[in-house]
Each structure stands twice: as C-alpha cells, then as structure tokens.
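In this note's numbering, the protein residues as written are 3 to 116.
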C-alpha cells in the first residue's frame, strides 16, 4: 500500500512563500498523475494543483500564477511551491492522485497570518 507523507507547512505572513513536499513510499510518480489538495476548517477538500505522468500541470483558478507543482521522480516526491500566500489559504494541505486513489496522509498545516 502506497503511503504519502506531506511536509513543509508552517506559519507565514501574507505575501510569503512556502514549499511543500510529498514523499510517496512507492515508485509511482513516473506513471501516475499527482495532485495537491487543501482543506480549510468547515470546507470540503479541494484540488489546487496537479501534474500528470507527462509533466502536464493544471491549477485551480485561485492559485494560478502563484503556485507551482513539480516532481522529482528519482526521489518519489512531489512539490508545491506557494508564493504570495493569502490568509484565506490557511488550510491543511494533502497530496494524492486526482482520483484520490491512495489513503490520505496526515497532511501539513499551512497558516497564513494577515
């Protein structure tokens, strides 16, 4: 069973940046699309960015131009570079396939202060 471990969250001021990492336990990234999700308290989990096996990327409109998803296949790791963060983007961030194929990891908390 594939395990996903997210890291890199923290407290940042509005306008700041963070880089999240998602390490997968198996060599899946070369064949599967992966995505980053976030869930704020009281909200549904939403997909904010994804990258396909062919490195095609897609972003939610709310993060376009500010977030960048990338991956290192050799390290089985997916990254999310987040710039110009906004307080409303405070949430727990998770990674998974766009079809939510694997068990969810613990996520990483991102808190953006105003």
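Cβ atoms here follow ideal geometry from the backbone N, Cα and C, with glycine treated the same way.
This one's a predicted model, so the numbers in the text were calculated from it and none came from an experiment.
### Task
Would you kindly work out how many angstroms separate the C-alpha atoms of residue 66 and residue 3, rounded to a whole number?
32 Å
### Query
Distance, Cα to Cα, residue 60 vs residue 98?
14 Å
### Query
To the nearest angstrom, how far is it from the Cα of residue 91 to the Cα of residue 102?
21 Å
### Query
residue 13: buried (16+ other C-beta within 10 angstroms of its C-beta) or exposed?
exposed
### Query
Beta-carbon separation of residue 79 and residue 35 under 8 Å?
In terms of Cβ geometry, residue 79 and residue 35 do not form a close pair [threshold 8 Å].
### Query
Which residues does DSSP pair with residue 8 in a beta bridge?
The partner list for residue 8 (beta bridge, DSSP) reads 24.
### Query
Going by C-alpha distance, which of 72, 20, 7, 81 is nearest residue 88?
Comparing Cα-Cα distances from residue 88 to each of 72, 20, 7, 81, the minimum goes to 20.
### Task
Measure the beta-carbon distance from residue 82 to residue 22 and round it to whole angstroms, keeping in mind my assumption that it falls under 8 Å.
4 Å
### Query
Would residue 71 be called buried (16 or more neighbouring beta carbons within 10 Å of its own) or exposed?
buried
### Query
On the premise that residue 96 lies in contact with residue 11, defined as a C-beta separation below 8 Å, what is that separation, rounded to the nearest angstrom?
At roughly 11 Å, the Cβ-Cβ gap does not stay under 8 Å, so residue 11 and residue 96 are not in contact.
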